[in-house]
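Working notes, structure below.
Residue numbers (the numbering used here): 761 to 1104.
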């Protein structure tokens, strides 16, 4: 019977699609399965094609399991990378999976279970990053931890590409940046107070470092170090070199703290800009209806609704008024300018 043969051909085509594993595999398979479902609405065909149909379903399940394993491998590889991580391959794989919710129709729970597990893995990873950060001592006395914190910040920042499909991640990103911002702001204030970058102390340190270098030049130009170094207050060349290295180390640590704080401030500004853009998009969104009469009748009410919706969006992110967000943006910009000045 031709129609039964056609169902068998569909099954073969689905197998081939899984073997090629192209980017559109699941979309193509969905269409083929729909054709198969339509044909099997005929009672006598349904019973005669049951084995082929369930064989197809089993192939789809195996393919989904393969995709999950691929995702697991990507997550493991990402965890082992340092610094900024390329999440695009993972995002592409997850995008393919996100379009496969139709699988629940032929195999109830298969899609939901898979996506739930992947979501759990991503959230668990974000939670680990958050826990790792909060366990770090980020006071000025522990500058080496700044490098570790920067790696964590880089990783969570890289994950932002996944937040659209996995909104649970956004809260962890927010938590990490807010915590780090609190810590680095405290360090920033401490640096500002203790080192006084814009004013005297940095100038004094630079001048002192130059003096040490000049002292070394004098030493190199003389046969005896005792005259020159003793004159400058250093018993020998080792004391002078040690002081130079000490100053270099101090300046390097200060610069690392500043650069890390700038990273956080840049990320916060990106989030504020995105929030402001969303706020404006809501306010400027066009009504679905194009009828002029309808627009005239509902313009005021629709405008008020949009304002309320836009304001609700701000409140979800901790801002009661648009003015509050403007104040935050101004404050972050001021800190960024100060940080950029310190990097010079």
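Yeah, the Cβ is synthetic: ideal placement off N, Cα and C, and Gly gets one too.
Since the structure is predicted, the reported quantities are computational estimates derived from the model, not experimental observations.
How is the alpha helix (DSSP H) around residue 785 delimited, first residue to last? 785-799
Decide if residue 772 is buried, meaning its Cβ has at least 16 other Cβ atoms within 10 Å, or exposed. exposed
Validate contact between the region 858-877 and the region 895-904 using beta carbons, cut 8 Å, 3 pairs: no
Hey, how far is the Cα of residue 871 from the Cα of residue 828? 11 Å
Helix, strand or coil for residue 926, going by three-state DSSP, please let me know. coil
Does residue 1035 come out as helix, strand or coil in the three-state DSSP assignment? helix
For residue 788 and residue 945, I'd like the C-alpha separation in whole angstroms. 52 Å
Inspect the beta-carbon positions of residue 889 and residue 915 and report whether they are closer than 8 Å. yes
Could you tell me the distance, in whole angstroms, from the CA atom of residue 797 to the CA atom of residue 853? 27 Å
Helix, strand or coil at residue 761 according to DSSP, with G and I counted as helix: coil
For residue 762 and residue 804, I'd like the C-alpha separation in whole angstroms. 14 Å
Do you know how far the Cα of residue 815 is from the Cα of residue 767? 12 Å
Closest by C-alpha distance to residue 1028, when choosing among 927, 941, 1044 and 878: 941
I'd like the list of long-range same chain contacts for residue 1096, defined as Cβ closer than 8 Å, with 5 residues on each side in sequence excluded. 1022, 1025, 1026 and 1029
Which residue marks the beginning of the alpha helix (DSSP H) containing residue 846, and which one marks its end? For residue 846, there is no enclosing alpha helix (DSSP H), since its DSSP letter is neither H nor E.
Could you check where the alpha helix (DSSP H) with residue 911 kicks off and where it finishes? Counting along the chain, the alpha helix (DSSP H) containing residue 911 begins and ends at 904-918.
Helix, strand or coil: how does DSSP classify residue 896 here? coil
Local conformation of residue 945 per DSSP, three classes: In this structure, DSSP gives residue 945 a helical state, which the three-state scheme calls helix.
Can you tell which of 1067, 793, 1082 and 882 has the C-alpha that lies nearest to the C-alpha of residue 867? 793
Which same chain residues, not among the five before or five after residue 790, have their C-beta less than 6 Å away from its C-beta? 862
Distance, Cα to Cα, residue 1038 vs residue 1081? Distance from the CA atom of residue 1038 to the CA atom of residue 1081, rounded to whole angstroms, is 15 Å.
Can you tell me whether residue 826 is helix, strand or coil according to DSSP? DSSP places residue 826 in helix when its eight states are reduced to three.
Nearest to residue 947 (by Cα), restricted to the options 918, 874, 898 and 935: 898
Tell me the rounded alpha-carbon separation between residue 1049 and residue 823. Its pLDDT being 45, under 50, residue 1049 is placed unreliably in this model, and the value from its coordinates should be taken loosely. Approximately 43 Å between the Cα atoms of the pair.
Answer yes or no: do residue 1066 and residue 1035 have a C-beta to C-beta separation smaller than 8 Å? Against a cut-off of 8 Å, the Cβ pair of residue 1035 and residue 1066 comes out as no contact.
Relative to the C-alpha of residue 884, which residue among 873, 849 and 835 is closest? It is 835 whose Cα lies nearest to the Cα of residue 884.
Can you tell me whether residue 777 is helix, strand or coil according to DSSP? helix
Rounding to the nearest angstrom, what Cα-Cα distance links residue 777 and residue 923 in this structure? 29 Å
Distance between residue 1009 and residue 959 (C-alpha atoms, nearest Å): Unreliable positioning characterises residue 959 in this predicted model, as indicated by a pLDDT of 46, which lies under 50. The coordinate reading is nonetheless provided below. For residue 959 and residue 1009, the distance between alpha carbons rounds to 20 Å.
Return the CA-CA distance between residue 943 and residue 949, expressed in angstroms with no decimal places. 10 Å
Going by Cα to Cα distance, which pick from 840, 921 and 786 is closest to residue 849? 921
The alpha helix (DSSP H) spanning residue 808 covers which residue range? 803-808
Give the range of the alpha helix (DSSP H) segment to which residue 921 is assigned. The continuous stretches of alpha helix (DSSP H) do not include residue 921, and DSSP gives it neither H nor E.
Looking at residue 893 and residue 939, is the spacing between their C-beta atoms short of 8 Å? yes
Reduced DSSP category for residue 901 - H, G, I as helix; E, B as strand; rest coil: coil
What are the start and end residues of the alpha helix (DSSP H) that includes residue 1077? Neither: residue 1077 is in no alpha helix (DSSP H) and is coded neither H nor E.
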